[in-house]
Amino acid sequence: MGSLYRSELMSLCQLFLQTDAAFISVAQLGELGIVQFKDLNEKVSSYSKKFVNEVRRCDEMERQTKVIESDILSANIYIPDARDKIPAPLPRDMNELERSFEKLGEELAQIKNSTNNLKTNYLRLDNNRNVLRKVQILLDEGQKNQARQSILDAQGHGPILSNGHIGQEISRETGDLKFIAGVIRRDRVAAFERVLWRMCHGKVYIRTLDVEPEENAPFEDVKYAVFLIFFSGDKLREKVLKVSDGFKAMVVDNCPDSSEQRKKLLVETEVRLQDLNTVIYKTLEHRERVLHAAALNIRTWEIQVLKLKAVFHTLNKFNIDVTEKCLIAECWIPNQDIQHVRASLQYATDLSGSSVASILNIVETEETPPTYHKLNKFTKVFQGIVDSYGICNYREINPAPWTIISFPFIFAVMFGDVGHGMIMALGAIMFIIFEKKIEAAKIKDEIFNTFYGGRYVILLMGIFAIYTGSIYNDSFSRSINAFGSGWSNPLSKDKISPFLLNKVIKNEETYEIAPETSFQGEPYIWGVDPIWNVAENKLNFLNPMKMKGSVILGISQMLFGLVLSLRNYLHQKSMIDVLFVFIPQLLFLSLIFIYLCIQIVIKWISFPATAAMIFGQVYPGSHCAPSLLIGLINMFMMKQLGPGFVTNTELLPKGVDYDEYAQCSVRQWYPGQAVLESVFLVIAVICIPIMLFVKPFLLRRKVQNGEKVVAHHGGGDDHGEFNFGDVMVYQAIHTIEFALGCISHTASYLRLWALSLAHAQLSDVLWTMLLNMGLTTGGIVGIVMTAVIFFMFAVLSVSILVLMEGLSAFLHALRLHWVEFQSKFYGGNGIPFEPFSFHHLIRVHEGLEN
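In structure tokens:
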């Protein structure tokens, strides 16, 4: 298993870099991605660090690239990914990059300002054109006479209002009757008219006309309306202008009196608009060309700036010697990669032209090294499941190798269904087939990436769900009779035919098939006999089977976790833990819970449904089968009934009834049971004070004798001074947690049975209450109903049974691994290995990793 079983051996190294080669050396180590640098200037203010100015320059370049990228995206221009490997630019290249960004930014800003000025001029001319067109229409309709009459009657009746939009205004006198024309946005017209009505006391006359949107306009079209306002007197004119200005209406000045002058001015305005339109399109085309050219390089620029900034951030972690000619760094490196690091440093020295080679020394330290496992795309996701609970302690046994198998299997015990497992496995297979295309697409959707990242887990979960579903003989809640049932129907065809005609059992009549007459003596070849799928008492059979199976699986996994703790103790060379922690824990678990599992297996094997002789005792039948739960309770209460199920000690002749005990199922069912269970219970109870007291007192004696002691608190490596109180408290917590945990964790594994039951029942409900409606309807109506109902059945199966139930089983499997399994041997208090890696930084920058 390599480093997946235990983390890689790590060394703390001291690195001496010449100043002129430091940047290139760190950049090369960033490409290598296997060196974690310690921050030797953690307590130094960020403003006092040597390369703070370079970091600020990188921040400014990063800001400029974001602005350029924003302009590119706003123009809906595609940005291609940087295909080739981009090296980190040298510090001397920063000036050139800064000039390039400044030049491009200034050019884009200039284009933007020019475009805004052109837009302002274009809108002004366009509004003038619209006013000249619409005013002619309004004046030709005899609006002046109507306005004069309306204003004369205003004191009694007020102006006549019409719907319109607010815009620019033009003022003009016609005798003693004046008018203002302009344009306003349509959505402001109603409010504009109401305010004018109240401000002018109805002494104005307003008319509006909507402006039709122009086709092929160079800018986003806003809906406007032309307004014409007649009034009399300078005071009213000032009020109208103030209201127009408040509503940002655009007033058109110097509107000619005569129709000929207005037409001539309209022609001149249209010519100017055409010229301005040509200039605008040329400007926008130039902007497009500049942005297209920038789009080809923007990703490269971003990566270059990212690498520059990352290198300078890393250099700020280094110390500087008194001569300022050498940078000193401390870093963690996996032992087997030290030679690769030396080779990269030598290459960087040659590349920089430095006359002095970089020096890498291994340093002896008492510090706890970080935890590092070499992973691939398959093992990475399983290690992520483990690390989500806690990072492995250094050189501690890693649960991930066993999680690869146990996690999907535990999931499948709860999810077991051949059909649903196939759906899940096919989905994962599609992810794997199109893996390269999905990676190239760089999809940033979080939910999609969650499923894609877990594709190998989902594949194994689907495969194991098919396996457990075949054991349950359950596929979309139906059983498959592939090998022939071990049960036969003793009833004649005439008697059973009415029952067969009823497709759905309505509990009107139930036929009981007795095992004495119907069971052929040979079990179904693989899994559960399909006869139980149609049996009314199938839950009475399946529930105890799944419940007991869950207990056996749970205790087996906890026992395996306990065995792994032995490997940790032996690795740490802690014989105290082996003798006075592991062995008492093993005895406690074995004498109570493994004993229970053995009873379950013996009960399955030895107790038939019919009368027999079991362990030298008369066994009347299944109603006297031992009740293991009551037996376990009686074991703890030291309450034991007598041996045997009947008063008779031998088999009686046929025809003679057995004289059974009233509570035959809770009596002793093998010789010496009471004595053996009492011994087991006493030994288990004695194990508790051994786990609690022996280790702390032995450690204290060692300290008193002057021996060096390392107390492992919380599973970590503590190198501090020995404290008996802390050790005693930790041991007490650990002992109580283990003793109570054995009981609670065993009960917790019953969720395997509970979720399996829930999944099977939901699947059965979907089949019988939904799909069965279409399958039992004949004719054309049945065909149509089947097609529609099957679609609903498929959607509900995927959304509820595969996704929702799958997520529920996934979370419960997580809990069982994190708490019930890993608590037996796993500390989870390690320090993660976080190397300086350009690849990781780029993935984070692209939003593909956290």
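Just add 1446 to wherever you are in the sequence shown, counting from 1, and you've got the numbering used here.
All C-beta atoms in this analysis are idealised placements derived from N, C-alpha and C, irrespective of residue type, glycine included.
Being a predicted model, the structure only gives us computed values, none of them experimental.
Beta carbon proximity, residue i to chain B, threshold 7 Å
| i | result |
| --- | --- |
| asparagine 1986 | In summary, chain B is missing from the structure at hand, where a single protein chain is found. |
Straight-line gap, residue i to residue j (C-alpha atoms, nearest Å)
| i | j | result |
| --- | --- | --- |
| leucine 2008 | glycine 2273 | 13 Å |
| glutamine 1601 | glycine 1648 | The predicted model places glutamine 1601 with a pLDDT of 48, which falls under 50 and marks its position as unreliable; any figure quoted below should be read in that light. When rounded, the distance between both Cα atoms is 7 Å. |
| proline 1780 | histidine 2205 | 46 Å |
| serine 1453 | tyrosine 1818 | 5 Å |
| valine 1974 | tryptophan 2050 | 14 Å |
| threonine 1654 | arginine 1579 | 12 Å |
| lysine 1688 | valine 1581 | 21 Å |
| leucine 2287 | asparagine 1822 | 18 Å |
| glutamate 1968 | glycine 1932 | 6 Å |
| glutamine 2018 | isoleucine 1480 | 27 Å |
| glutamate 2295 | leucine 2042 | 46 Å |
| glutamate 1776 | leucine 1461 | 6 Å |
| alanine 1627 | tyrosine 1568 | 19 Å |
| arginine 1924 | isoleucine 2229 | 21 Å |
| histidine 1738 | leucine 1773 | 42 Å |
| valine 1903 | alanine 1521 | 41 Å |
| serine 1921 | phenylalanine 1855 | 17 Å |
| isoleucine 1831 | proline 2089 | 49 Å |
| glutamate 2106 | alanine 2120 | 20 Å |
| leucine 1730 | asparagine 1765 | 52 Å |
| serine 1608 | asparagine 1743 | Confidence in serine 1608 is poor, its pLDDT being 45 and thus under 50, which makes the residue's placement unreliable; the coordinate value appears in the next sentence. Distance between the alpha carbons of serine 1608 and asparagine 1743: 56 Å. |
| lysine 1624 | glutamate 1706 | 20 Å |
Exposure label - residue i; buried when at least 16 CB within 10 Å
| i | result |
| --- | --- |
| alanine 2240 | exposed |
| phenylalanine 1638 | buried |
| leucine 2074 | buried |
| leucine 2253 | exposed |
| arginine 1632 | buried |
| threonine 1715 | buried |
| tyrosine 1970 | buried |
| methionine 1876 | exposed |
| serine 1801 | exposed |
| glutamate 2251 | buried |
| proline 2281 | buried |
| tryptophan 1978 | buried |
| leucine 2016 | exposed |
| isoleucine 2277 | buried |
Endpoints, the alpha helix (DSSP H) within which residue i is located
| i | result |
| --- | --- |
| aspartate 1796 | 1784–1798 |
| threonine 2181 | 2170–2194 |
| threonine 2232 | 2225–2242 |
| arginine 2197 | 2197–2212 |
| cysteine 1772 | Per DSSP, cysteine 1772 belongs to no alpha helix (DSSP H); it is in the beta strand (DSSP E), 1772–1780. |
| threonine 1914 | 1901–1918 |
| lysine 1882 | 1881–1887 |
| proline 2117 | That residue, proline 2117, is in no alpha helix (DSSP H); it is neither H nor E in DSSP. |
| methionine 2250 | Element bounds for methionine 2250: n/a, residue is neither H nor E. |
| tryptophan 2050 | 2041–2052 |
| lysine 2141 | 2141–2150 |
Residue span of the beta strand (DSSP E) that contains residue i, given as start and end
| i | result |
| --- | --- |
| alanine 2058 | 2058–2060 |
| methionine 1991 | Taken as a continuous stretch (DSSP letters only), methionine 1991 belongs to no beta strand (DSSP E), being part of the alpha helix (DSSP H) at 1984–2017. |
| valine 1802 | Counting along the chain, valine 1802 falls outside any beta strand (DSSP E), and DSSP gives it neither H nor E. |
| serine 1457 | 1456–1464 |
| leucine 1655 | 1651–1656 |
Assumed close pair residue i, residue j - CB separation to whole angstroms, cut-off 8 Å
| i | j | result |
| --- | --- | --- |
| valine 1501 | valine 1577 | Not a contact, Cβ separation roughly 56 Å. |
| tryptophan 2199 | asparagine 1986 | Actually they do not touch by this definition, with Cβ atoms about 14 Å apart. |
| phenylalanine 2279 | glutamine 1482 | 6 Å |
| leucine 1458 | glutamate 1885 | No, leucine 1458 and glutamate 1885 are not in contact; Cβ-Cβ is about 35 Å, not under 8 Å. |
| glutamate 1477 | phenylalanine 2284 | 6 Å |
| methionine 2084 | serine 2124 | 7 Å |
| leucine 2037 | alanine 2130 | 5 Å |
| leucine 2010 | cysteine 2133 | At roughly 19 Å, the Cβ-Cβ gap does not stay under 8 Å, so leucine 2010 and cysteine 2133 are not in contact. |
| glycine 1915 | glycine 1867 | 5 Å |
| arginine 1503 | glutamate 1544 | 7 Å |
| isoleucine 1675 | valine 1657 | Contact flag wrong, Cβ pair sits at about 17 Å. |
| valine 2155 | lysine 2148 | 5 Å |
- Query: Counting only runs that start and end within the segment 1831–1867, where is the alpha helix (DSSP H) found for 4 or more residues in a row?
  - Reply: 1846–1861
What are the uninterrupted segments assigned as alpha helix (DSSP H) that are 4 or more residues long and contained completely in the segment 2066–2100, given in chain order?
2074–2082
If we require 3 or more residues per run, which beta strand (DSSP E) segments fall completely within the segment 1668–1732?
1670–1677
Runs of alpha helix (DSSP H) wholly within the segment 1488–1557 (minimum 4 residues, chain order)
1498–1520
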